[in-house]
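Protein chains in written order, with the working numbering: chain A, 4 to 276; chain B, 4 to 276; chain C, 4 to 276.
We put the beta carbon where it would ideally sit given N, CA and C, even for glycine.
Here is the structure we will look at, set down as structure tokens.
Right, here's the structure in full:
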């Protein structure tokens, strides 16, 4: 069911404008290339409108925001909205600082986001207006589990309705919801949390998937998440004794590079609630 | 013929100052180390003159330019000129935004560049003053091919004369020209386009090659490009089933690390027109 | 003796705030994760106080300092001091530019550092107020050797007393001193100098080690350095024909990921003088 979406990415080769953090930006670029898209990075306010105009999607990630890049985020976001481009927000560390929380909230007010992707603590912060994020990782007390799944799915749908966006909450169990439907995804491995930036990488891929599948946006976001999680599983199968998180990072990106429709359909584990 | 040039890099260990983008900067640093040089990065206007003064070459890459780093580019470029250091311009995305096009053109006006390296769309933009760059990749319609080779070689020589610089146009076929001679290089593999930053890496290596071979600048630039392309071929030979663009990136840098004069001479495929 | 310290890091999972350079930041993040800590990066002056408040340690690295991040360093350092957090300074390139030298000296005046880690040229610059740093690498004439070891140990202790900090001078022989004791460490391999950022990575790990071992700070710093050096040895054992500095980088981080108390105790080579 989802396999076709990655084929569409490879056929279209969507160009994704990224205003993202300098920690994981190289991996974000290589992951976008791996899935069949093309990345371009620009955060200078005087540059972003021109750059986003030639792209198909925009990924705004506040992981290492600064005064100048924040201005760039607003300008790029509004321009992308004007042009009808896909826009994603990754509110990295919302809840961990006032600047991050306020920037994310103000972005949501002034820019229409097709997708908001974060961990559960970041998403809760956006809803509540304040948070308890433990750095850039989710608070364990907040985690989506089998025990609270029904409530969490309802929450995801509510947030999706509130922000009129697809909401992707990633963690051990991933949720991808619009106001009516929620994909509950069980791909990936816990060892992925020991690599920096798998979330950022996902946020780079999603606009490529959505731009290439405009009539099935919810499926496209779910497919991107299943692609990352499946790649985490395939990459782990290839690990050798002595390998660690650095090699695992490479193997995951490699697995995305080699992902085809059949492999994605074979690995993807989800239900729709 | 070109093998000696990389030996000279390894013997001299030139120090290269890089004002480059934050996307590919880590790979640029590792590639400069791999070929025998030493990298230092600094873009703060108040820092760049001191830093460039202790270096042998300067690499200016506008891939993620901002107001502050642009100021740093002009200050560093002028200082490096004063000191007679090798200076290279990589006009990433010229043609994709007014800021990039204008910054590249103004840099060329105010700084003397020994080498300008870009894809064909970026180089055409510099000549025409405007462009049709598709993001950071060349427009396919512009590509150097066997069918238009003679015209493209003539164009490269003209641009070299116009800017009084060595012009390196990289793509499936690479051209390295001064006003009289043009190396036509056929190394590398198409899969290198699926890795972010092989062009940026090349722009980091070139000042090291030229600084270590001051009497043969054109050959030095050609040798750097043959080194990157040969490493792309050698790295590809080492790919295993399941490997993708992330591992390929590592194998290319590894192959540069292991490149010696004999290997470079064996792999380098070029003619002079 | 040192093995227990890395177990403590893995048990505690300390959160480390990094204001570091954009060249090696991704490797710094992955190395902190590899040793059992958690990284967060933020350099915006309006963000750093909130971020450092939720962390256990702060790593200030001036490798690509700019006006904005310098302001962030002072604000974060003072806040971390207020909260009693571990604070480390990595004076990258002190001696190579006036801005770097002056920033490092002013930071030492206004912020209390638990640890200062640099190469010998950088540390000498801090003492003398000016330096002869060759880029970001130590001047060979300054190196710690068996011939000058006694004098260098005395120097390290003096500097430690002067700055009331643990001083870590890394090179072929590493010194970790407070005013009374100096660990002389002989781990690592010369090939590590051909990878960008092993020093930066170490500076990211040290606050995690010290935060998790508050009653044995000197041992904790020594253990972090032995971990990096041992990983350099273990990673090198795993190198295959054709591998180079890019793969070596991955194997070192992998070896840190897999480092346990027994392995660290087996590999660590040090004496206390």
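Chain-order list of residues whose beta-carbon lies under 7 Å from that of residue i (same chain, five-residue window excluded)
i                      : result
residue 265 of chain A : 6
residue 227 of chain A : 205, 208, 209 and 212
residue 48 of chain C  : 71, 74, 75 and 78
residue 26 of chain C  : 66, 67, 199 and 200
residue 181 of chain C : 163, 169 and 221
residue 159 of chain A : 170, 172, 178, 180 and 185
residue 157 of chain B : none
Short CB-CB distance (under 8 Å) between residue i and chain B
i                      : result
residue 77 of chain A  : no
residue 250 of chain C : yes
residue 192 of chain A : no
residue 149 of chain C : no
residue 241 of chain A : yes
residue 140 of chain C : yes
residue 122 of chain C : no
Exposure of residue i, with buried meaning 16 or more beta-carbon neighbours within 10 Å
i                      : result
residue 214 of chain B : buried
residue 46 of chain A  : buried
residue 85 of chain A  : exposed
residue 144 of chain C : exposed
residue 113 of chain A : exposed
residue 78 of chain A  : buried
residue 80 of chain B  : buried
residue 153 of chain C : exposed
residue 68 of chain B  : buried
residue 127 of chain C : buried
residue 244 of chain A : exposed
residue 274 of chain C : exposed
residue 61 of chain B  : buried
residue 82 of chain A  : buried
residue 18 of chain B  : buried
residue 1 of chain B   : Residue coverage of chain B in this structure runs from 4 to 276, which leaves residue 1 of chain B outside it and unanswerable.
residue 42 of chain A  : buried
residue 190 of chain C : buried
residue 151 of chain C : exposed
Within-8 Å CB hit, residue i to chain C
i                      : result
residue 93 of chain B  : no
residue 16 of chain A  : no
residue 3 of chain A   : Look at the range of chain A in this structure, 4 to 276, and you will see that residue 3 of chain A is not part of it.
residue 258 of chain B : yes
residue 270 of chain B : no
residue 197 of chain B : no
residue 103 of chain A : yes
residue 253 of chain B : yes
Identified DSSP bridge partners for residue i
i                      : result
residue 274 of chain C : C/187
residue 197 of chain A : Looking at the DSSP assignment, residue 197 of chain A forms no beta bridge with any residue, so it has no partner.
residue 92 of chain B  : B/63 and B/119
residue 215 of chain B : Per DSSP, none; premise fails for residue 215 of chain B.
residue 19 of chain C  : C/42 and C/60
residue 178 of chain C : C/172 and C/187
residue 97 of chain C  : C/100
Any chain A beta carbon closer than 8 Å to residue i
i                      : result
residue 130 of chain B : no
residue 263 of chain C : no
residue 71 of chain C  : yes
residue 68 of chain B  : yes
residue 246 of chain B : yes
residue 96 of chain B  : yes
Cβ shell of residue i (< 6 Å), same chain only, five flanking positions each side left out
i                      : result
residue 254 of chain B : 238 and 241
residue 116 of chain B : 90, 92 and 168
residue 11 of chain A  : 215 and 216
residue 248 of chain A : 197 and 198
8 Å CB neighbourhood of residue i in its chain, flanking five on each side removed
i                      : result
residue 149 of chain A : 176
residue 9 of chain C   : 38, 39, 212, 226, 230, 262, 263, 264 and 267
residue 133 of chain A : 98 and 104
residue 95 of chain B  : 24, 64, 65, 66, 103, 121, 125, 139, 202 and 203
Residue i: CB within 7 Å of a non-hydrogen atom of the ligand NAP
i                      : result
residue 236 of chain C : Among the components of this structure there are no ligands whatsoever, and the ligand NAP is therefore not found.
query: Going along the stretch 28-44 of chain B in order, which residues come within less than 7 Å of chain C, judged by CB to CB distance?
result: 28, 29, 32, 33, 36, 37, 41, 42, 43 and 44
task: Could you list the residues in the stretch 170-187 of chain A with a C-beta less than 7 Å from some C-beta on chain C, going in chain order?
output: none
- request: Give, in chain order, every residue of the stretch 44-66 of chain A whose Cβ lies closer than 9 Å to some Cβ of chain B.
  value: 44, 45, 46, 47, 48, 49, 50, 51, 52, 53, 54, 56, 57 and 58
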